Amino acid sequence: SQPLRLSSDGASLCGAKGTAARAVAAHPGIAAMLRTPLDRGAGLTIPGVPGPGPRTGVAVGGALPQKATGHPWYGTAGSQSRTVRKKGLGRKACSLLLAFLGLIVFFVTLVVFSFLPFYRPKALLLFAAFGCGACLVLLREAQKGMMQRGLAAALTPAFILGLMLGLWCYNALVRTGDIYDALRIYEHVPPQGPAAAYSDAGRLAFEVTASVREAASVGYSMGDGRKYCVAPVVGDSGAHSIQFWAVGMNCCNWKGDWKCANQMGSGAPAGLVVVEEDKGFADLSTRGFYEAARRKAEATFNLVSSENPIYLRWTTSDLMDQMAHSNRSTAWSLIVVFTFLYGILATVLMRSIVK
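FYI, the numbering for the sequence shown is 332 to 686, going by our numbering.
Put into structure tokens, the structure is as follows:
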């Protein structure tokens with residue numbers, strides 16, 4: 332009546348002797364079980380041998396105990412693999428969600444800092460202060476768990492990179508167009524008129540008699556590998572003092588051969604004023620270089636110029652507005668490229684963190 336027990340290594344029966352032990356071992360099901368190591372102390376109740384088995388035993392030929400359903404004997408590896416797959420899908424979805432949140436933060440920050448510094452500087456400072464404070468809080472909470480660590484890794488670099496690239500886009504591409512929008516537009520400007528009367532101009536449309544005196548153009552080198560070109564703007568009647576100078580970069584010889592005008596349009600002669608140096612976050616103006624080139628032209632051709640002339644990028648009236656805002660389309664194209672690249676980077680980063 333004593334229940335049979337397998338030894339800890341599963342190699343022999345405990346509690347059975349002689350013929351009974353050999354008969355039990357000959358049973359096909361028992362023989363298969365004997366070849367598989369069991370947990371130490373696990374029990375086995377044999378049919379025909381009375382007496383309850385140990386609490387952790389398995390009744391052969393009967394219903395499977397609930398605690399035994401996880402053992403590989405009973406074919407439950409499929410349910411376990413399904414559980415692992417569900418956990419894997421959950422972590423993948425979590426990493427994609429974090430990457431998407433970071434992508435939104437990056438895009439919004441990039442757009443805000445690319446297009447709002449000129450019009451909303453105070454609101455931009457508040458936005459930057461709030462974003463930096465939120466990043467500090469996320470970094471402090473990152474040690475508390477995987478989710479906090481994922482949020483910090485997704486949002487902090489998104490805000491910082493968006494801020495830096497946005498300011499770069501504004502300075503390099505958007506700022507000049509904002510300045511032209513803020514300055515005045517003058518039409519029917521006489522080329523011999525005083526430059527001081529148009530000191531607040533951003534765009535000038537001249538009378539049809541205005542032209543560039545290409546033979547009096549010069550090129551000037553500042554040692555930076557660029558050639559700064561200037562040529563006087565004159566009318567039919569001539570002028571004792573040059574008030575306007577057409578300028579360009581790397582588009583002329585050292586003397587003459589002027590090729591800096593963008594006159595693909597059919598409108599009246601016009602020009603975009605070279606912006607002053609004290610506008611914007613950085614000194615991106617080339618006005619000082621054109622000043623030096625003007626003095627060279629004056630000395631070379633015995634010209635007389637105003638003390639404070641206006642420097643223009645020569646074009647036509649129908650292309651003037653397009654030139655003023657051409658860099659904005661470039662800025663939007665770069666924003667799309669930056670966002671796409673950051674989306675790839677964020678996805679890879681989140682998958683490496685959320686494991």
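By construction, the Cβ of each residue, glycine as well, lies at the ideal position given by its N, Cα and C atoms. Nothing here was measured: the structure is a model prediction, and the numbers come from that model.
Excluding sequence positions up to five before and after arginine 659, its CB lies within less than 8 Å of the CB of Leu504, Val505, Gly508, all in the same chain and listed in chain order. Residue pairing of threonine 646 in beta bridges, as defined by DSSP: Ala601. Collapsing the DSSP output to three states places serine 636 in a strand. The Cβ neighbour count for threonine 661, taken over all protein chains shown within 10 Å, is under 16; the residue is labelled exposed. Across the structure, alanine 601 and serine 426 are spaced so that their CA atoms are roughly 55 Å apart.
Segment contact: the segment 482-499 against the segment 543-553, fewer than three CB-CB distances shorter than 8 Å; contact not assigned. Where glutamine 574 is concerned, there is no enclosing alpha helix (DSSP H), although the beta strand (DSSP E) around it starts and stops at 573-580. For phenylalanine 537, the closest C-alpha among the options Gly554, Ser530, Glu518, Ala526 is that of Glu518. Between leucine 434 and threonine 670, the CB-CB gap stays under 8 Å. Here glutamine 653 is exposed: its Cβ has fewer than 16 other Cβ atoms, across all protein chains shown, within 10 Å. In the structure shown, cysteine 466 falls within a helical segment according to DSSP collapsed to helix, strand and coil.
By the beta-carbon neighbour count (other beta carbons within 10 angstroms, threshold 16), valine 539 is exposed. Under the 10 Å beta carbon count, phenylalanine 461 is surrounded by fewer than 16 other beta carbons and is classified as exposed. Under the DSSP definition of a beta bridge, serine 568 lacks any partner. For leucine 535, the enclosing beta strand (DSSP E) has its first and last residue at 532-537. According to the DSSP secondary-structure assignment, tyrosine 559 is paired through a beta bridge with Tyr551, Met580. Here the alpha carbons of tryptophan 585 and glycine 556 stand approximately 14 Å from one another. One Cα belongs to alanine 547, the other to phenylalanine 620, and the distance between them is close to 18 Å.
Distance from the Cα of isoleucine 573 is smallest, within the candidate group Gly579, Cys582, Asn633, Ile516, for Asn633.
With 16 or more neighbouring CB atoms inside 10 Å of its own CB, alanine 592 falls in the buried class. Sixteen is the threshold: when 16 or more other Cβ atoms of the shown chains lie within 10 Å of the Cβ of glycine 497, as they do, the residue is buried.
A distance below 6 Å between beta-carbons, with the five flanking residues on each side excluded, links alanine 473 to the following residues of its chain, in chain order: Gln479, Arg480, Ala483. The three-state secondary structure of valine 606, taken from DSSP, is coil. Around the C-beta of alanine 655, 16 or more other C-beta atoms lie within 10 Å, and the residue is accordingly described as buried. Put simply, the backbone Cα of leucine 432 is about 7 Å away from that of leucine 486. When the beta-carbon positions are compared, isoleucine 516 and arginine 534 come within less than 8 Å of each other.
Sequence-distant partners of valine 439 (beyond 5 residues in either direction) whose C-beta falls short of 6 Å from its own C-beta are missing from its chain. It is roughly 60 Å from the alpha-carbon of lysine 475 to the alpha-carbon of tyrosine 642. Proximity to valine 549 across Leu467, Glu622, Asp649, Tyr673 peaks at Glu622, based on C-alpha coordinates.
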